[in-house]
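Contents: one structure, followed by commentary.
In this note's numbering, the protein residues as written are 1 to 133.
Here is the structure:
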(Lines of atoms letter the chains of each structure in order from A and count residues from 1; the text may use other names and numbers.)
(Lines give C-alpha, C1' and ligand atoms only; values in the text may rest on other atoms or scores of the structure.)
Protein backbone atom coordinates (compact mmCIF):
# COMPACT_ATOMS: atom_id res chain seq x y z
CA UNK A 1 0.00 0.00 0.00
CA UNK A 2 2.86 2.41 0.76
CA UNK A 3 5.69 3.40 -1.56
CA UNK A 4 8.63 1.01 -1.65
CA UNK A 5 10.93 3.70 -0.25
CA UNK A 6 9.36 3.19 3.15
CA UNK A 7 9.59 0.15 5.31
CA UNK A 8 7.28 1.02 8.15
CA UNK A 9 6.25 -1.61 10.62
CA UNK A 10 2.46 -1.37 10.61
CA UNK A 11 1.88 -4.35 12.89
CA UNK A 12 -0.26 -3.63 15.94
CA UNK A 13 1.73 -2.68 19.04
CA UNK A 14 0.86 -2.21 22.71
CA UNK A 15 -0.09 1.42 22.20
CA UNK A 16 -2.27 0.87 19.13
CA UNK A 17 -3.96 -2.09 20.84
CA UNK A 18 -4.62 -0.06 24.00
CA UNK A 19 -6.04 2.77 21.88
CA UNK A 20 -8.34 0.38 20.01
CA UNK A 21 -9.55 -1.14 23.29
CA UNK A 22 -10.14 2.32 24.76
CA UNK A 23 -12.20 3.36 21.74
CA UNK A 24 -14.11 0.06 21.66
CA UNK A 25 -15.07 0.56 25.31
CA UNK A 26 -16.49 3.98 24.46
CA UNK A 27 -14.20 5.73 26.93
CA UNK A 28 -13.46 9.44 26.64
CA UNK A 29 -10.44 10.00 24.44
CA UNK A 30 -8.73 13.35 24.03
CA UNK A 31 -6.57 13.03 20.93
CA UNK A 32 -3.90 15.73 21.09
CA UNK A 33 -2.76 14.89 17.55
CA UNK A 34 -5.94 16.01 15.78
CA UNK A 35 -5.00 18.89 13.51
CA UNK A 36 -8.39 19.52 11.91
CA UNK A 37 -10.11 22.19 14.04
CA UNK A 38 -13.55 21.11 12.78
CA UNK A 39 -13.05 17.75 14.52
CA UNK A 40 -11.88 19.09 17.89
CA UNK A 41 -15.25 19.99 19.39
CA UNK A 42 -14.75 23.75 19.21
CA UNK A 43 -17.86 25.89 19.15
CA UNK A 44 -17.93 28.39 16.31
CA UNK A 45 -19.93 31.58 15.93
CA UNK A 46 -21.69 30.51 12.73
CA UNK A 47 -23.38 33.88 12.25
CA UNK A 48 -20.06 35.74 12.40
CA UNK A 49 -18.45 33.30 9.96
CA UNK A 50 -21.31 33.60 7.49
CA UNK A 51 -21.32 37.39 7.82
CA UNK A 52 -17.59 37.49 7.02
CA UNK A 53 -18.22 35.44 3.88
CA UNK A 54 -20.64 38.08 2.58
CA UNK A 55 -17.61 40.24 1.80
CA UNK A 56 -16.56 39.37 -1.80
CA UNK A 57 -12.90 39.81 -0.85
CA UNK A 58 -13.26 36.88 1.56
CA UNK A 59 -14.05 34.63 -1.38
CA UNK A 60 -10.82 35.44 -3.22
CA UNK A 61 -8.30 32.60 -3.13
CA UNK A 62 -4.79 33.42 -4.20
CA UNK A 63 -2.52 30.77 -2.70
CA UNK A 64 1.15 31.50 -2.23
CA UNK A 65 3.34 28.56 -1.34
CA UNK A 66 5.38 30.78 0.97
CA UNK A 67 2.27 31.80 2.93
CA UNK A 68 0.01 34.85 2.88
CA UNK A 69 1.96 38.01 2.16
CA UNK A 70 0.19 39.87 5.00
CA UNK A 71 1.11 37.09 7.45
CA UNK A 72 4.74 37.10 6.30
CA UNK A 73 4.81 40.90 6.70
CA UNK A 74 3.47 40.50 10.25
CA UNK A 75 6.25 38.02 11.07
CA UNK A 76 8.85 40.36 9.53
CA UNK A 77 7.44 43.26 11.60
CA UNK A 78 7.62 41.12 14.74
CA UNK A 79 11.33 40.59 14.18
CA UNK A 80 11.86 44.20 13.13
CA UNK A 81 10.40 45.34 16.46
CA UNK A 82 13.14 43.24 18.09
CA UNK A 83 15.95 44.76 16.04
CA UNK A 84 16.18 42.05 13.37
CA UNK A 85 16.02 42.86 9.66
CA UNK A 86 14.04 40.08 7.98
CA UNK A 87 12.34 40.49 4.63
CA UNK A 88 8.85 39.02 4.13
CA UNK A 89 10.28 37.52 0.92
CA UNK A 90 12.67 35.41 3.04
CA UNK A 91 9.90 34.01 5.25
CA UNK A 92 8.18 30.72 4.48
CA UNK A 93 5.09 29.85 6.53
CA UNK A 94 4.10 26.20 6.74
CA UNK A 95 1.04 24.46 8.10
CA UNK A 96 3.07 22.36 10.51
CA UNK A 97 6.56 21.58 11.73
CA UNK A 98 6.38 18.34 9.74
CA UNK A 99 5.85 20.30 6.53
CA UNK A 100 8.73 22.62 7.43
CA UNK A 101 11.05 19.68 8.12
CA UNK A 102 9.93 18.11 4.84
CA UNK A 103 11.09 21.25 2.99
CA UNK A 104 14.36 21.21 4.91
CA UNK A 105 15.06 17.57 4.00
CA UNK A 106 14.26 18.23 0.35
CA UNK A 107 16.47 21.31 0.32
CA UNK A 108 19.50 19.83 2.06
CA UNK A 109 19.40 16.12 1.17
CA UNK A 110 19.46 14.02 -1.97
CA UNK A 111 17.76 10.61 -2.30
CA UNK A 112 19.96 8.00 -0.67
CA UNK A 113 21.78 10.44 1.62
CA UNK A 114 22.36 9.28 5.17
CA UNK A 115 20.62 11.45 7.75
CA UNK A 116 21.87 11.26 11.32
CA UNK A 117 19.08 11.78 13.83
CA UNK A 118 19.76 12.33 17.52
CA UNK A 119 17.90 10.39 20.15
CA UNK A 120 15.70 11.65 21.65
CA UNK A 121 14.54 13.91 18.85
CA UNK A 122 11.48 15.11 16.97
CA UNK A 123 9.31 11.97 16.73
CA UNK A 124 8.76 12.10 12.96
CA UNK A 125 12.34 12.73 11.76
CA UNK A 126 12.84 9.08 10.77
CA UNK A 127 9.65 8.98 8.72
CA UNK A 128 10.12 12.41 7.15
CA UNK A 129 13.67 11.55 6.10
CA UNK A 130 12.51 8.20 4.66
CA UNK A 131 9.70 9.55 2.49
CA UNK A 132 11.57 12.43 0.87
CA UNK A 133 12.41 11.81 -2.74
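All C-beta atoms in this analysis are idealised placements derived from N, C-alpha and C, irrespective of residue type, glycine included.
Give every residue of the same chain whose Cβ lies closer than 8 Å to the Cβ of residue 22, excluding the five residues on either side of it in the sequence, and list them in chain order.
Cβ neighbours of residue 22 beyond the five flanking positions: 29.
Would you tell me roughly how many angstroms separate the C-alpha atoms of residue 108 and residue 46, rounded to the nearest one?
Going by the C-alpha atoms only, they are around 44 Å apart.
Helix, strand or coil, according to DSSP, for residue 64 in the structure here?
Residue 64 falls in the coil class under three-state DSSP.
Which residue comes first and which comes last in the alpha helix (DSSP H) that contains residue 51?
It spans 46-52 - the alpha helix (DSSP H) in which residue 51 sits, taken as one unbroken run.
Taking DSSP as the reference, what is the three-state secondary structure of residue 69?
Correct three-state label for residue 69: helix.
Beta-carbon proximity list for residue 41, same chain, < 6 Å, skipping 5 on both sides
Answer for residue 41: no residue qualifies.
Would you kindly report the start and end of the unbroken alpha helix (DSSP H) that includes residue 107?
Residue 107 -> alpha helix (DSSP H) spans 97-108.
Among 110, 98, 33 and 16, whose alpha-carbon lies nearest the alpha-carbon of residue 127?
Of the candidates 110, 98, 33 and 16, 98 places its Cα closest to the Cα of residue 127.
Determine the closest residue to residue 34 out of 96, 120, 122 and 105, with distance taken between C-alpha atoms.
Sorting 96, 120, 122 and 105 by C-alpha distance to the C-alpha of residue 34 places 96 at the top.
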